[in-house]
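In our numbering, the protein residues as written are 4 to 243.
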C-alpha cells in the first residue's frame, strides 16, 4: 500500500522548506504504509523551484515536479497521473489542515470508500476562520446542494484523497485546471455513485488576514458559481 501526497505550490519560497519537512517528519513517524511527497510547482517565479529541487535531492521520499502551466488543478492532476500508488491525496502548501488528519484520511479507504475528504463542518472538527469565510463557505455549500443535489458538507476543503479506481475512471473527466478542480472532482464522483467519506480536521488558515480576504472570497465565489452552472449544463447534456 502506498500513498502519493501532492503539494501544489506557486511562489511558496517563504514556507516551502519548513512545511515539506513537517510533512516528511510526520509521515516518517506516523504512517505504516509507503509514502511519497510530490512538490508540484506551478511555474513559480521565486526560489520555489530551487528549494523544491534541493529537498528532492536530499530526501528520497520527496520528488519535485515542474508543471509548465499555472493552476492548482493542473498541478494536482499532472502529479497524480505521473506517479503510481494506491491512494492519491493533496494538501495545501500552507498546511491549513492539521497533519493529524492524514492517518484518518488513509484509514477511510478501508471502509470501501472511493474518495475521502477533510470537512471543516464535521461535528468533531476544530476550525479557526473569519466570519466572512464561514459565510461564503456555507453559501457555496447551499448552492451546490440546490443546483447539483450535492450532499457533502465541505466541498472546497483543500485536503482530499482518491483511490486508483477514481484516478482511472473519473480524473480524466475533470476539466478545470484551477481552484474549482477538486470541487469538480467531488461532483463527478458523487454523480457517478461512488462512496464518499468526510473526516474531521483541525483547521487554521495561517494566511487569513494577510491578503484582501473579503475581496478575494467574493471574486472566488462568483467564479465558483459560474463553474457550477457550467458543470450542471455539462452533466445535463451528457445525461449524467
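Ideal placement from N, C-alpha and C gives every residue a C-beta, glycine not left out.
Considering only C-alpha positions, which residue in the set the options is nearest to residue i?
i	options	result
residue 101	44, 206, 181, 179	206
residue 184	239, 126, 39, 161	161
residue 139	223, 103, 125, 148	223
residue 78	182, 61, 143	182
residue 133	35, 197, 145, 209	209
residue 110	226, 235, 202, 228	202
residue 99	179, 227, 163, 45	163
residue 15	45, 26, 35	45
residue 155	120, 27, 169	120
residue 192	97, 27, 21, 172	172
residue 230	186, 197, 96, 239	186
residue 178	130, 30, 81, 59	81
Using only the alpha-carbon positions, how far apart do residue i and residue j sit?
i	j	result
residue 217	residue 199	At residue 217, the pLDDT of 49 sits below 50, so the modelled position is not reliable and the matter cannot be decided from this model.
residue 115	residue 107	14 Å
residue 152	residue 63	43 Å
residue 24	residue 75	21 Å
residue 66	residue 12	13 Å
residue 55	residue 69	9 Å
residue 227	residue 147	10 Å
Go to residue i, then tell me how far its alpha helix (DSSP H) extends in each direction, as first and last residue.
i	result
residue 139	134-151
residue 209	No alpha helix (DSSP H) holds residue 209; DSSP gives it neither H nor E.
Say the cut is 7 Å; is the CB of residue i nearer than that to a heavy atom of the ligand ATP?
i	result
residue 150	The ligand ATP is absent from the structure shown, which contains no ligands of any kind.
Between which two residues does the beta strand (DSSP E) carrying residue i extend?
i	result
residue 20	Looking at the DSSP string, residue 20 is not in any beta strand (DSSP E); the run it does join, the alpha helix (DSSP H), is 19-33.
residue 131	129-131
residue 11	5-12
residue 1	Because residue 1 is not part of the residues shown, which for the chain are 4 to 243, the question remains open.
Return the Cβ separation of residue i and residue j in integer angstroms, given the expectation that the two are a contact with Cβ distance under 8 Å.
i	j	result
residue 7	residue 41	6 Å
Contained beta strand (DSSP E) runs [length at least 3] in the segment 49-102, N- to C-terminal order
65-69, 90-94
Which ranges does the beta strand (DSSP E) cover as unbroken runs of at least 3 residues, wholly within the segment 158-184, from first to last along the chain?
For the segment 158-184, whole beta strand (DSSP E) runs of length 3 or above, ordered along the chain, are 162-166.
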